[in-house]
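For reference, the structure discussed in these notes is given below.
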Amino acid sequence: MKEDLMVLEKLEHLYLSNNLGTKEFQFAKALIIEFWNFMGLKHKVPSVSEMTTDDINDFIAFLYSEKRSSLDEFIVLMRYMRILKKNDCFIELTKYTGILDVVDNILLKLKQLHGQEILELVTKDLDIPSLGMSPKQIPLFTAEFMRRLHAALPEEEVKKVLAGNNHGMSKEAMLPEKVEYENSNSFEEYLEGLHRRKVEELIKYKEAGKVWFEQAITDEVIDFVSKNPEVLSGVIRDDFLYITKIPYDTEKYLSATTDKEMHYYACHCAFAREAVLQESHDISPIWCYCSGGFAKFPFEVILDQKLKVESLENVLEGGKLCRFRIPLKGISYKKKA
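At position 72 of the sequence shown (counting the first as 1) the number is 146 in the numbering used here, and the numbers step up by one without a gap.
Structure representation (structure tokens):
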């Protein structure tokens, strides 16, 4: 426990040095002590530093059952895992937070495009996932939600509803890339530079031993991205911009021994990933247009124009990766001289 108390002191320093508030630290401290007690009573873990991802999931399930799995609790646990350098447990927590705001933004778009009546038709008595729900349960919602959307709207309209900025990415966060584009001689030159910068970013995270978004970075991951210019950037061919999403867990994706494992580690979506492991699932692959919206949003900011997106390959239909293309015909962009 001495080791755990030292980590708690580091957590206090984090809160105080970043002006996060004394009250907020007391909340964090109480939650961490509760976590210690939970580990000790339920699992006989001698030190929290020895916890596993299963322990994390059990504690989240406990908080969820108590209706206490809000973003506040997740932020505390994520900060704690950072201090412990428990990257695997930190990543496990991100598997829950991936649902934040997504359904709300889709429903807002549905109402904007098709009105209150269609919104009520689609959502009547629909149990929408909340933070802390088991990832294994969430695909049941996704399958039912898609059935309702398809029943209410033509397929092309379903695609439009889904292909938005559903994760609420900040336009302002993309502005430095817009500046990079404006200072490039062509869109192609910008994309080459973007890919180069992303590879350099991965190298820095690997050298620092830090988690990059939801995954650990290894030499193999860097090599994979380096050899795939569509990954973390894009490639223009015949007036289309082709984009391939980096796997959710690239390290495990590269070492997968079955197609099912490969599909699972490729999938980023908290609303669908667990369904990939099942023998069969009934989630419409059109759901992946939500991921397409995520892929195109940065380029909408960079080009300052609304864009369309098409799903070419996705794991729900057995694809090895998720791949999209953005039609550029009729779109103003800087072309090679």
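Note that beta-carbon positions come from the ideal geometry of N, C-alpha and C, so glycine has one too.
In this text the structure is predicted, and so the values were computed from the model without any measurement.
- Residue 219 sits away from residue 205, with the two beta carbons spaced by 8 Å or more.
- The beta-carbon separation of residue 101 and residue 122, rounded to 18 Å, does not stay under the 8 Å limit for a contact.
- If you look at residue 300, you'll find it isn't in any beta strand (DSSP E); it sits in the alpha helix (DSSP H) that goes 293 to 300.
- In the structure shown, the three-state DSSP call for residue 100 is helix.
- The alpha-carbon separation between residue 84 and residue 411 amounts to approximately 55 Å.
- If you draw a 10 Å sphere on the C-beta of residue 287, you find fewer than 16 other C-beta atoms in it, and that means exposed.
- Residue 386 sits in a strand when the DSSP states are folded into three classes.
- For residue 232, same chain residues with a beta-carbon under 7 Å away, outside a window of 5 residues either side, are 223, 224 and 360 in chain order.
- In the DSSP secondary-structure assignment, residue 289 is bridged to 286.
- Taking a cut-off of 8 Å for Cβ pairs, the segment 388 to 398 and the segment 246 to 257 do not touch, as fewer than three such pairs fall below it.
- Separation of the CB atoms of residue 304 and residue 324 is rounded to 14 Å, and the pair is thereby denied contact status at 8 Å.
- Cβ contact annotation for residue 272 (same chain, cutoff 6 Å, sequence separation greater than five): 306, in chain order.
- The closest CA to that of residue 262, considering only 338, 335 and 316, is found on 316.
- For residue 221, the enclosing alpha helix (DSSP H) starts and ends at 212 to 226.
- For residue 150, the enclosing alpha helix (DSSP H) covers residues 145 to 158.
- The count of Cβ pairs closer than 8 Å, one atom from the segment 369 to 387 and one from the segment 244 to 251, reaches three, so the stretches are in contact.
- Assigned with DSSP and collapsed to three states, residue 321 falls in coil, not helix or strand.
- For residue 368, the CB contacts under 8 Å within the same chain, skipping 5 residues up- and downstream, are 239, 240, 241 and 243 in chain order.
- In the DSSP assignment, residue 310 is bridged to 315.
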